[in-house]
Amino acid sequence: MLICVAFVLLCQFGVLLGHPQCLDYGPPFQPPFHLEFCSAYETFGCCDQDKDNTIAAKYWEIMDYIDPHAHKLCGGYIKDILCQECSPYAAHLYDAENPQTPLRNLPGLCFDYCSEFHLYCRSAITLLTSDKHIHECCEKNKTRFCNLLNIQDEDYCFPDVLKNTNLNRNLGSVVADKKGCLQLCLREVANGLRNPVLMVHANDNTHRMFVAEQVGIIWVYLPDGSRLEEPFLDIKNLVLATPWVGDERGFLGMAFHPKFKDNGKFYIYYSFQDKKKVEKIRISELTVSASDLNRADASSERNLLEIEEPAANHNGGQILFGLDGYMYLFTGDGGKAGDPFGKFGNAQNKSSLLGKVLRIDVDGQSSDRKPYRIPPDNPFSSDPKARPEVYAYGVRNMWRCSVDRGDPLTHKGRGRIFCGDVGQNKFEEVDIIVKGGNYGWRAKEGFECYDIKLCQNSSLDDILPIFAYGHSVGKSVTGGYVYRGCESPNLNGLYIFGDFMNGRLMALHEDERSNKWKKQDICIGSTKACAFPGLISTYNKYIISFAEDEAGELYFMATSYPSAYAPHGALYKFVDPARLVHFEIPDYPCFVDIATAQSCSNILNSLHSAKPHQRHRKLPYTESGHGPSSPVLSTLSGSRVSGRNLSKPDLVMRGPSASLQYPSLFSLCLSTSQGSLAQWTASCVLSSVALLC
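In mature numbering (1 follows the signal peptide of the UniProt record, and there is no 0), the protein residues as written are -18 to -1, 1 to 675.
Structural data, given as structure tokens:
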């Protein structure tokens, strides 16, 4: 997916991508505490409480030097200018993203606003900046001053940046429909990730989360939100990925073997170039290190399948295991536009592996020495004109699929495979995969005909989507999950998904009488609704992927800048605020049994280690550059560093939303534990104990 439409928009609008970014190169966030001074940015911006206090002190210091009669005229201008460090577009306002220019002392001002400021407050210029060049040339010359404060991309100048609909549409929030929508809050688990394309768990009772970046690196996050310093796997030297915005190639898929606890096997899906520079996708098997469960043995890679890609886009990328124990692979149609390959396109051609859902048995070799077997009930295994791996066909570029765990009590829905299939230029769709199904592409897009000739073919016999939406709603679907966790039972049975291009979050609910699916928008709650410690109500715009942890709780990954090398991605967990206010015991057991996974790697500092009032002070920076150092846990060797990373030393550390899970298994455990953080972590996170959610 990641994504042809984004590249087209980039070409159309130049750099106008709506790219919020702070001066420390991190994404904007919602401060956990009220901002007294720069309050305009307390719901979404780049300042925490300490930074806000520093700006306020500077403001009053300047005002002490200004004539009292000028206070009313200049006070508002000076406050506006100082508070631009808190703007979600601070990096643009101060030209921080341009390595060819020094960081500005003053933000970029639009010419009309700058002219008014110069007219009323030019005596304050020397107090706002120490730049001698500005002092010497510009205090008396309005035109020269305002030209100097101009920025190359005028879409980002203040105050017009606040009015720019292209930049501010859905900035950190989702618009509610007229009837209202489901309000949820978020907890930021990790940030500083480079296009996080997936998060999976090993289903081994350790409750570790494996988060993969598009460049080809997989990180291990522990149940308390901390991250191991050494990656689980690093194959960026093999993966074909570029820094181009919207490039869909890269590390795309990962799945653990259903018997991973016994055999240590897992599988990956990535783009690469062979020795002849031919672009392909590869599905490989690897094993975990014999000496460290948190490290993969990269030398164990065994290629299962390679498929040539005729174009750079539509690479698919999902791999998962069904309840039948077989592996399901989801490939794109080969790229370009309109599936132009052959008479019917790749997707309708059952002799091609492109535009398909494939199913293979990875536990053995076939008679023709392929490193996998064909399941005996594959629908086209006896068709000489079809590839036996094909399980379903007629798909364009399914981006993110999932297996429904089923209702916790009735098991209804268990085993269904849901997929989001990215459309061409009119419709996005959500499908449930069935054996032998034809999902219509390129004859149809959504419910409508795309290729009239193919669409009118009586033999098409296609399966319609359970839901489709037009491009006025969103332009690139990101498939999600049916919620089956225990922390938010109000969400049980909802298929939660989103749109990559506009950041919209949606849910589908199945009407049991009609068996039809109805859409409901998801709104991230207001500041008041999400006022619990550690919760936020904003997120990065470009929704890359959804995820489910071992307990069935739901997450999603998003970035503010969709480039494989841009460290602006974050991992968010959904939280139902109603459950925090009315914390009731659900109708079914809600226990988490966490097993220990000892590691030889250092552990990055747990986000729970800082007290609330300490989370915004400057912290010492470690030599490794991964983050601030902190005490060593008694149960594991090495230091801990936060899952939220800083990109530069000596910057203000922003408090994570994963700080206090309130109330959650961590807070309940904390309330009944005594002693140090290390003792609490050892007893409540890393040992095999049952914890109530």
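Backbone N, C-alpha and C fix where the C-beta goes; we use that ideal spot for every residue, glycine too.
Keep in mind the model is a prediction, meaning the values are calculated, not measured.
With H, G and I counted as helix, E and B as strand and the rest as coil, what does DSSP make of I60? As a position in the sequence shown, residue 60 is number 78, starting the count at 1. Looking at I60 - three-state DSSP - the assignment turns out to be helix.
Does the beta-carbon distance from N474 to A560 come in below 8 Å? Here the question's residue 474 lines up with position 492 in the sequence shown. Here the question's residue 560 lines up with position 578 in the sequence shown. The beta carbons of N474 and A560 sit no closer together than 8 Å.
Cβ separation of V339 and Y373, assumed to be a contact under 8 Å, to the nearest whole Å: If you number the sequence shown from 1, residue 339 lands on position 357. If you number the sequence shown from 1, residue 373 lands on position 391. Indeed, because the Cβ distance is near 5 Å, the residues count as touching under 8 Å.
Could you spell out the range, first to last residue, of the alpha helix (DSSP H) harbouring N35? For the purposes of this step, residue 35 is taken as the residue at position 53 of the sequence shown. In the DSSP annotation of this structure, the continuous segment of the alpha helix (DSSP H) that includes N35 starts and ends at Q31 to M45.
6 Å Cβ shell around P613 - same chain, five flanking residues per side excluded: On the sequence shown, residue 613 is found 631 positions in, with the first residue counted as 1. Bear in mind that the predicted position of P613 carries a pLDDT of just 26, short of 50, making it too unreliable to give a figure here.
Let me know if Q134 comes out buried or exposed under the rule of 16 or more other beta-carbons within 10 Å of its beta-carbon. Within the sequence shown, residue 134 is the residue found at index 152, counting from 1. Residue environment analysis places Q134 among the exposed positions, since fewer than 16 neighbouring C-beta atoms fall within 10 angstroms of its C-beta.
N522, DSSP secondary structure in three states: Locating residue 522 in the sequence shown gives position 540, where the first residue counts as 1. Note: N522 maps to coil in three-state DSSP.
I'd like to check one pair, V197 with Y547: are the Cβ atoms closer than 8 Å? Position 565 of the sequence shown, counting from 1, holds the residue named residue 547. Position 215 of the sequence shown, counting from 1, holds the residue named residue 197. In this structure, V197 lies closer than 8 Å to Y547 by Cβ.
Beta strand (DSSP E) runs wholly inside the segment 317 to 341, at least 3 long, in chain order: Taken in chain order, the segment 317 to 341 contains no complete beta strand (DSSP E) segment of 3 residues or longer.
I need the straight-line Cα distance from A73 to D216, nearest angstrom please. In the sequence shown, the residue the question calls residue 73 occupies position 91. In the sequence shown, the residue the question calls residue 216 occupies position 234. Note on geometry: alpha-carbon atoms of A73 and D216 lie some 30 Å from one another.
Let's see if you can read the secondary structure: which residues bound the beta strand (DSSP E) around S266? What you label residue 266 is simply residue 284 of the sequence shown in a count that begins at 1. First-last of the beta strand (DSSP E) with S266: E261 to V270.
Proximity winner among L446, G418, K417 and G419, relative to C431 (alpha-carbon distances): Here residue 431 corresponds to residue number 449 of the sequence shown, with the count starting at 1. Per the Cα distances, L446.
DSSP three-state label for residue 678, please. Residue numbering for the chain in the displayed model covers -18 to 675; residue 678 lies beyond these limits and cannot be assessed.
Mapping DSSP to helix, strand and coil, what is A450? Your numbering for residue 450 matches position 468 in the sequence shown. Correct three-state label for A450: strand.
What is the rounded straight-line gap between the Cα of I448 and the Cα of S208? By 1-based counting over the sequence shown, the position of residue 448 is 466. By 1-based counting over the sequence shown, the position of residue 208 is 226. Going by C-alpha positions, I448 is about 38 Å away from S208.
Taking Cβ to Cβ, would you say R176 is nearer than 8 Å to P544? Within the sequence shown, the letter at position 194 stands for residue 176. Within the sequence shown, the letter at position 562 stands for residue 544. No, Cβ-Cβ distance for R176 and P544 is not below 8 Å.
Length of the line joining the Cα atoms of Y463 and N331: If you number the sequence shown from 1, residue 463 lands on position 481. If you number the sequence shown from 1, residue 331 lands on position 349. About 29 Å.
Sequence-distant residues of the same chain with beta carbon closer than 6 Å to F482, five excluded per side: By one-based count along the sequence shown, residue 482 stands at place 500. Counting only Cβ-Cβ distances below 6 Å, and skipping sequence neighbours, we find I(-16), S458, T460, Y524 and I525.
Quick one: complete alpha helix (DSSP H) runs, 4+ long, within the segment 155 to 205? Listed in chain order, there is nothing to give.
Local conformation of R126 per DSSP, three classes: Within the sequence shown, the letter at position 144 stands for residue 126. R126 carries a helical assignment under DSSP once its states are collapsed to helix, strand and coil.
Could you pull out every residue in the same chain whose Cβ sits closer than 6 Å to the Cβ of R86, ignoring the five residues on either side in sequence? Working through the sequence shown from its first residue, we reach residue 86 at position 104. For R86, the CB contacts under 6 Å within the same chain, skipping 5 residues up- and downstream, are Y76 and D77 in chain order.
For the alpha helix (DSSP H) holding L536, just list the boundary residues, first then last. Taking the sequence shown and counting its residues from 1, one reaches residue 536 at position 554. Not the alpha helix (DSSP H): L536 falls in the beta strand (DSSP E), residues L536 to T541.
Delimiting residues of the alpha helix (DSSP H) encompassing residue 678: Beyond the ends of the chain as shown, which are -18 and 675, falls residue 678; an answer cannot be given.
Evaluate contact between the segment 97 to 113 and the segment 59 to 68, counting only Cβ atoms and requiring at least three cross-stretch pairs below 8 Å. With a cut-off of 8 Å, the segment 59 to 68 and the segment 97 to 113 count as touching, because enough Cβ pairs lie within range.
With DSSP as the reference, please indicate the residues paired to H491 in a beta bridge. Along the sequence shown, read from residue 1 onward, the residue named residue 491 stands at position 509. Partner(s): K500.
Cβ shell of F556 (< 6 Å), same chain only, five flanking positions each side left out: By one-based count along the sequence shown, residue 556 stands at place 574. A distance below 6 Å between beta-carbons, with the five flanking residues on each side excluded, links F556 to the following residues of its chain, in chain order: L166 and L536.
According to DSSP, simplified to helix, strand and coil, what is V464? Residue numbering aside, residue 464 sits at position 482 when the sequence shown is read from its first letter. Three-state result, V464: strand.
Using 8 Å as the threshold, is the C-beta distance between L336 and D315 below it? As a first step, residue 336 is located in the sequence shown; it is residue number 354 there, counting from the start. As a first step, residue 315 is located in the sequence shown; it is residue number 333 there, counting from the start. Yes, they are a contact pair.
Closest residue to I378 among T313, S97 and I63 (Cα-Cα distance): For the purposes of this step, residue 378 is identified with residue 396 of the sequence shown, where counting begins at 1. According to the sequence displayed, residue 378 carries Arg and not Ile. The residue with the shortest Cα to Cα distance from R378 is T313.
Is the segment 250 to 257 in contact with the segment 228 to 236, if contact means three or more CB pairs nearer than 8 Å? By the Cβ criterion, the segment 250 to 257 is in contact with the segment 228 to 236, since at least three pairs of Cβ atoms, one from each stretch, lie closer than 8 Å.
If you check the beta carbons only, do G376 and W423 fall under 8 Å apart? As a working note, residue 376 is residue 394 in the sequence shown. As a working note, residue 423 is residue 441 in the sequence shown. Yes. Within cutoff.
Give the single residue among G246, L131 and S97 whose Cα lies nearest to the Cα of T111. Translated into positions along the sequence shown, residue 111 becomes position 129. Measuring from the Cα of T111, the nearest candidate turns out to be L131.
Round the Cβ separation of C4 and L17 to the nearest angstrom and send it over; I've been treating them as touching at under 8 Å. In the sequence shown, the residue the question calls residue 4 occupies position 22. In the sequence shown, the residue the question calls residue 17 occupies position 35. Contact between C4 and L17 fails: their C-beta atoms lie close to 14 Å from each other, not under 8 Å.
What does M236 pair with, by DSSP beta-bridge criteria? Sequence index remark: in the sequence shown, residue 236 carries index 254 (1-based). DSSP lists I250 as partners of M236.
On the criterion of 16 or more Cβ atoms from any shown chain inside 10 Å, does G419 qualify as buried, or is it exposed? For the purposes of this step, residue 419 is taken as the residue at position 437 of the sequence shown. Buried, because 16 or more other Cβ atoms sit within 10 Å of the Cβ of G419.
Span separating the alpha-carbon of D137 from that of C92: Here residue 137 refers to the residue found at position 155 of the sequence shown. Here residue 92 refers to the residue found at position 110 of the sequence shown. Straight-line Cα distance between these residues: approximately 9 Å.
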